[in-house]
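One gets this note's numbering by counting positions in the sequence shown from 1 and adding 2 to each.
Where a beta carbon is used, it is the ideal one built from N, C-alpha and C, also for glycine.
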Amino acid sequence: MLAILGGSGLTSFAELEIERREVVRTPYGEPSGPITIGRLAGNRVVFLPRHGYGHTIPPHDINYRANIWALKQVGCTSIVAVASVGGIRSDLNPGMIVLLDQIVDYSWGRASTYFDSPELPVTHIDFTIPFDTSLRQHLKTAAREAGQTIIDGAVYACMQGPRLETAAEINRLERDGADVVGMTLMPEASLARELEIPYAALAVIVNHGAGRGDSRLAISTSQITQTLENTRTIVRLVLIHAAKLVPQTSSK
Ligand code: HPA
Numbered sequence: 003m004l005a006i007l008g009g010s011g012l013t014s015f016a017e018l019e020i021e022r023r024e025v026v027r028t029p030y031g032e033p034s035g036p037i038t039i040g041r042l043a044g045n046r047v048v049f050l051p052r053h054g055y056g057h058t059i060p061p062h063d064i065n066y067r068a069n070i071w072a073l074k075q076v077g078c079t080s081i082v083a084v085a086s087v088g089g090i091r092s093d094l095n096p097g098m099i100v101l102l103d104q105i106v107d108y109s110w111g112r113a114s115t116y117f118d119s120p121e122l123p124v125t126h127i128d129f130t131i132p133f134d135t136s137l138r139q140h141l142k143t144a145a146r147e148a149g150q151t152i153i154d155g156a157v158y159a160c161m162q163g164p165r166l167e168t169a170a171e172i173n174r175l176e177r178d179g180a181d182v183v184g185m186t187l188m189p190e191a192s193l194a195r196e197l198e199i200p201y202a203a204l205a206v207i208v209n210h211g212a213g214r215g216d217s218r219l220a221i222s223t224s225q226i227t228q229t230l231e232n233t234r235t236i237v238r239l240v241l242i243h244a245a246k247l248v249p250q251t252s253s254k
């Protein structure tokens, strides 16, 4: 079953025919809310907004471990994450949707592993390719079938937030090889890998990174809201097609 982990622009999903909501308890505490189980154009999916249904949980306070654990518990076999980001690479502008392919993690102080109990042996997961190749392929096909353009490949820098970056920080991220910047995909992506759930992410560019383009002097939050509004339909269309393409059961 496909899970959609919604970000700032996706706290509800009008096209989702809701069948039930499940409150899931996990050994790591509460997820961001009850898990919504329903159908998108007839295909069963699960939906969870990582900031909560009322968009009240900031990036550093999200219980990433509980969210991913709860999705596994209800039977999710793949996760498509949606996140809003700032654009760093010069060809990436607000309104574009990017299928991420790499991550640089600058977040700190977040509970970031399931392998931290004294009973477990020291475990190092492979994370060379952080996003699942076949799920990415399904998303590319979904975008094509939905008639929408998505940019294939970008390096995501995960910052701690909740403040936005300084212009110098954005310059540094660019030197480090980052193309876009956000605050939420880590440790989400690595936790999904720890539980062996294929994970891929669509990033919606909602602003130029600090100091760039029309964010030269400041990032406009009203621009962010407007861009999220403008891109909502595109993201939903891609997800509806993805729900049809992504296998209902795990290939593992
Ligand atoms: N920086 C970090 N996170 C973000 C941004 C940004 O510019 N825009 C949306 N999420």
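Would you please state the rounded distance, in angstroms, between the beta carbons of ASP181 and LEU94? I believe it to be under 8 Å.
Start at 1 with the first residue of the sequence shown, and residue 181 comes out as number 179. Start at 1 with the first residue of the sequence shown, and residue 94 comes out as number 92. Contact holds; Cβ gap of about 6 Å.
Rounded to the nearest angstrom, what separates VAL248 and PRO36 at their Cα positions?
Along the sequence shown, one-based indexing puts residue 248 at 246. Along the sequence shown, one-based indexing puts residue 36 at 34. Cα-Cα distance, rounded: 23 Å.
Under three-state DSSP, which class holds VAL293?
Past the boundaries of the shown model lies residue 293; the chain is included only from 3 to 254, so the question cannot be answered.
Determine the extent of the beta strand (DSSP E) in which GLN104 is found, giving its start and end residues.
Here residue 104 corresponds to residue number 102 of the sequence shown, with the count starting at 1. Unbroken beta strand (DSSP E) run through GLN104: 104-107.
From GLY8, LEU7, ILE221, ALA244, residue whose alpha carbon lies closest to that of ARG138:
On the sequence shown, position 136 is the one that residue 138 refers to. Ranked by how close their Cα comes to the Cα of ARG138, the residues GLY8, LEU7, ILE221, ALA244 have ALA244 in first place.
In the DSSP output, what is ALA83 paired with across the bridge?
Residue 83 sits at position 81 when you count from the first residue of the sequence shown. Beta-bridge pairing links ALA83 to LEU7, ALA203.
Less than 6 Å between the CB of SER222 and some heavy atom of ligand 1, yes or no?
Numbered from its first residue, the sequence shown carries residue 222 at position 220. No, since every heavy atom of ligand 1 falls outside the 6 Å radius drawn around the Cβ of SER222.
Secondary structure at LEU42, three-state DSSP: helix, strand or coil?
Here the question's residue 42 lines up with position 40 in the sequence shown. Correct three-state label for LEU42: strand.
According to the neighbour-count rule (16 or more other Cβ atoms, all chains shown, within 10 Å of its Cβ), is ILE20 buried or exposed?
Your numbering for residue 20 matches position 18 in the sequence shown. It counts as exposed.
Can you list every residue whose CB sits closer than 7 Å to some heavy atom of ligand 1, going in chain order?
In chain order, the hits are SER86, VAL87, GLY88, MET161, GLY163, LEU166, GLU167, VAL183, GLY184, MET185, VAL208, ASN209, GLY211, ALA212, ILE221, ILE226.
Would ARG22 pass as a contact of ILE39 if the rule is Cβ separation under 7 Å?
The count along the sequence shown starts at 1 and reaches residue 22 at position 20. The count along the sequence shown starts at 1 and reaches residue 39 at position 37. Yes, these two residues count as a Cβ contact at 7 Å.
Along the alpha helix (DSSP H) that carries ARG195, what are the first and last residues, could you check?
Numbered from its first residue, the sequence shown carries residue 195 at position 193. Per DSSP, the continuous alpha helix (DSSP H) segment holding ARG195 begins and ends at 190-196.
Rounded separation between LYS246 and LEU101 - CA only
As a position in the sequence shown, residue 246 is number 244, starting the count at 1. As a position in the sequence shown, residue 101 is number 99, starting the count at 1. Each residue's alpha carbon lies about 18 Å from the other.
Rounded separation between ALA169 and HIS62 - CA only
In the sequence shown, residue 169 corresponds to position 167, counting from 1. In the sequence shown, residue 62 corresponds to position 60, counting from 1. Distance between the alpha carbons of ALA169 and HIS62: 21 Å.
Leaving aside the five residues before and after GLY211 along the sequence, list all residues of the same chain whose C-beta is less than 7 Å from its C-beta, in chain order.
Here residue 211 refers to the residue found at position 209 when the sequence shown is read from its first residue. If we look at GLY211 and ignore the five residues flanking it on each side, its Cβ neighbours are GLY88, GLY89, ILE90, GLU167, ILE172, VAL183, SER217.
Taking Cβ to Cβ, would you say ILE127 is nearer than 7 Å to ARG234?
Along the sequence shown, read from residue 1 onward, the residue named residue 127 stands at position 125. Along the sequence shown, read from residue 1 onward, the residue named residue 234 stands at position 232. For ILE127 and ARG234, no; Cβs fall outside 7 Å.
Along the chain, where does the alpha helix (DSSP H) containing TYR55 start, and where does it finish?
Translated into the one-based positions of the sequence shown, residue 55 becomes position 53. Premise fails: TYR55 is in no alpha helix (DSSP H) and is neither H nor E.
For ARG177, report the span of its alpha helix (DSSP H) as first-last.
In the sequence shown, counting from the first residue as 1, residue 177 sits at position 175. Residues 169-177.
With respect to the beta strand (DSSP E) encompassing ARG238, which residues constitute its N-terminal and C-terminal limits?
Sequence index remark: in the sequence shown, residue 238 carries index 236 (1-based). From DSSP, ARG238 is part of no beta strand (DSSP E) but of the alpha helix (DSSP H) over 223-247.
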